[in-house]
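Colleague:
Number of protein chains: 2
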Amino acid sequence: MSNKFRNQEANAHGHGYLPGLAIDAVIFGFHDNQLKVLLLTYKNTGLFALPGGFVHDTEDVNEAARRVLFDRTGLTNIFLDQFYVFGDKSRHDTAPLKAIMAVRGVTPPDDHWLLKRFVSVGYYALVDFTKAIPTPDSISDSCDWFGLDNLPELMQDHNLIIKKALETLQANLDQKLIGFNLLTDDFTMGDLQSLYETILNKKLIRAAFQRKILGLGILERTAKKWTGGAHKAPYLYRFISEK
Amino acid sequence: MSNKFRNQEANAHGHGYLPGLAIDAVIFGFHDNQLKVLLLTYKNTGLFALPGGFVHDTEDVNEAARRVLFDRTGLTNIFLDQFYVFGDKSRHDTAPLKAIMAVRGVTPPDDHWLLKRFVSVGYYALVDFTKAIPTPDSISDSCDWFGLDNLPELMQDHNLIIKKALETLQANLDQKLIGFNLLTDDFTMGDLQSLYETILNKKLIRAAFQRKILGLGILERTAKKWTGGAHKAPYLYRFISEK
DNA sequence: ATCTTATTGTATCATTTTGTTACAATAGTA
DNA sequence: TACTATTGTAACAAAATGATACAATAAGAT
Chain A
77 MSNKFRNQEA NAHGHGYLPG LAIDAVIFGF HDNQLKVLLL TYKNTGLFAL
127 PGGFVHDTED VNEAARRVLF DRTGLTNIFL DQFYVFGDKS RHDTAPLKAI
177 MAVRGVTPPD DHWLLKRFVS VGYYALVDFT KAIPTPDSIS DSCDWFGLDN
227 LPELMQDHNL IIKKALETLQ ANLDQKLIGF NLLTDDFTMG DLQSLYETIL
277 NKKLIRAAFQ RKILGLGILE RTAKKWTGGA HKAPYLYRFI SEK
Chain B
77 MSNKFRNQEA NAHGHGYLPG LAIDAVIFGF HDNQLKVLLL TYKNTGLFAL
127 PGGFVHDTED VNEAARRVLF DRTGLTNIFL DQFYVFGDKS RHDTAPLKAI
177 MAVRGVTPPD DHWLLKRFVS VGYYALVDFT KAIPTPDSIS DSCDWFGLDN
227 LPELMQDHNL IIKKALETLQ ANLDQKLIGF NLLTDDFTMG DLQSLYETIL
277 NKKLIRAAFQ RKILGLGILE RTAKKWTGGA HKAPYLYRFI SEK
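Protein chains in written order, with my numbering: chain A, 77 to 319; chain B, 77 to 319.
#1: Taking CB distances under 8 Å as the criterion, tell me whether residue 135 of chain A reaches chain B.
#2: Here's the rule I'm using: 16 or more other beta-carbon atoms within 10 Å means buried, otherwise exposed. How should residue 138 of chain A be labelled?
#3: Rounded to whole angstroms, what is the Cα-Cα separation between residue 149 of chain B and residue 205 of chain B?
#4: Is it the case that the stretch 95-111 of chain A contacts the stretch 272-284 of chain A, given that we only count it when at least three CB pairs across the two stretches are under 8 Å?
#5: State the CB to CB distance for the pair residue 144 of chain A and residue 93 of chain A, rounded to an integer number of angstroms; the pair is presumed to be in contact (CB under 8 Å).
#6: Examine chain A for any beta-carbon lying closer than 8 Å to the beta-carbon of residue 195 of chain B, and answer yes or no.
#7: What residue range does the alpha helix (DSSP H) around residue 172 of chain B cover?
#8: For residue 235 of chain B, return the contacting residues in chain A, with the cut-off set at a CB-CB distance below 8 Å.
#9: Is residue 166 of chain B helix, strand or coil when you go by DSSP?
#10: Quick check on the burial criterion: 16 or more other C-beta atoms within 10 angstroms. Buried or exposed for residue 402 of chain B?
#11: Which runs of the beta strand (DSSP E), 3 residues or longer, sit entirely within the stretch 189-239 of chain A?
#12: Suppose you measure from the CA of residue 177 of chain A to the CA of residue 188 of chain A; what does that come to, to the nearest Å?
#13: So that I know if they touch, is there some Cβ in chain A lying closer than 8 Å to that of residue 127 of chain B?
#14: Tell me, please, whether the CB atom of residue 279 of chain A is closer than 8 Å to any CB atom in chain B?
#15: Can you tell me the Cα-Cα spacing of residue 151 of chain A and residue 174 of chain B, whole angstroms?
#16: By alpha-carbon positions, which one of B:106, B:215, B:121 ends up nearest to residue 129 of chain B?
#17: Buried or exposed for residue 302 of chain B, please, with buried defined as at least 16 other CB atoms from any protein chain shown within 10 angstroms of its CB.
#18: Could you tell me the boundaries of the alpha helix (DSSP H) in which residue 137 of chain B lies?
#19: Evaluate residue 246 of chain A with the Cβ neighbour count: other Cβ atoms within 10 Å of its Cβ, from every protein chain shown; 16 or more gives buried, anything less gives exposed.
#20: For residue 164 of chain A, which option in A:170, A:195, A:171 has the closest C-alpha, if you only look at C-alpha atoms?
#21: Counting contacts by CB-CB distance shorter than 8 Å, is residue 161 of chain A in contact with chain B?
#22: Run through the DSSP bridge pairs and tell me what residue 36 of chain A is partnered with.
#23: Thinking just about the alpha-carbon of each residue, which of B:121, B:162, B:104 is nearest to the one in residue 224 of chain B?
Here it is in structure tokens:
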């Protein structure tokens, strides 16, 4: 849990939500040749957390994840996938939540539903950095992008969740051809290669990379991009989903 | 939910369990050149279900899955992994559970905890068919192996769960080198190839398969196996986990 | 205009991996 | 002792990947 108690006034006892179940979303973006994730910050507590939420008893768990993603970015039709369930009992840590509530002048009873043990379903999303509009929820002060190698200490096991999300992304990058979701609609081959190199954290061979990607037959060439650089202008490519 | 209400007398209201959360385990075995899964059967109802259970509030979710696996097979130290969370609200179907209870002379109230909506964490396990001892739980009549292409209609979405588990197994087979877990300690190259062919559902080229597997350097040759066949005796191999 | 420079797109060849065929070794049976 | 089916592996072909090279070209410098 973290920012997930929107409507807590309307659900003082957690009614209307599936009990003990939370969603945590690792929302990846790519900017300045860096992978970034969306984090919420809580004023006066120095706490940072992943966007998350609870599951209404009228919605699917996957729907709840899409709702969280939409609420924090304004985006729909985004690549979003489960990657792990975090269910260790050692996750149960009421301190950060109490701190957040204390700053807001609330002292919850020890049996408050938000202080119970939660199992969290981890999701990761790949969004176009330029299209997302980071939006804090009702109890956080801001929602911002943080570089992956520049992360603050996060509450609970959220650093671990991000680590596992990244590992999943790395493992799935070639298999599922999902990288494009992190770029704008049109991109150069150089953009794509930088993205892959950043995610996989290793250099790729330019000629081989280009040959491989084009050989997949999933890109169409749209135009040339004049970068202003003193060199040949690269082509722009676009992902074509179906044939 | 399905067979997961052991100790229901001791937990008439589901106390001691994480609410609304279940485990479903797809336990794979390999025998007679066929992939098999363990299923529970419920007498006089014609119902079949995956082994499953609930999570004690004193244990990790992964621990609960290991416990389920141990209770149904007697095995520990088994390959076991999460693969998906089944959390659609459409899963909520009280009919089969009521039928099972009815046969046992119980008519639960509509607000019985077992009749509430459950979110289920899907696990898949790979076990040595010869070592597992299928064991029914307290409310099922038997626990048996069923061939994957010979499955009965299962309760709720359990057929879907198996389908998804198989897809995960197929996708991970080469990546994680987990196939050996389905064989006995010593096996021939032919055994291993049959296993791969069965899981992937396609023919593999014998010479290339053998070269590839041996090239991984993860097998040691132990002895020869006299099969009684009128031909050269194959070697036995064994998986070596660490170097 | 022409020269210079950096980057792109692609061709070419080398290397590695995988697909295919072939064949010697051999444990039974006839 | 010959025959047969299967195993282990070599040998070669084809495909994929790694590495290098080079023509094309957009802009700034001359």
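The C-beta atom is built at its ideal place from N, Cα and C for all residues, glycine as well.
Modeller: On the basis of the coordinates in this document:
#1: yes
#2: buried
#3: 10 Å
#4: yes
#5: About 13 Å; that fails the 8 Å criterion.
#6: yes
#7: 171-179
#8: Within 8 Å Cβ-Cβ: nothing; residue 235 of chain B doesn't reach chain A, min ~19 Å.
#9: helix
#10: Here chain B covers residues 77 to 319 and nothing more, so residue 402 of chain B does not appear.
#11: 195-202, 218-223
#12: 12 Å
#13: no
#14: no
#15: 42 Å
#16: B:215
#17: exposed
#18: 137-149
#19: exposed
#20: A:195
#21: yes
#22: Any question about residue 36 of chain A goes unanswered here, given that chain A covers just 77 to 319.
#23: B:104
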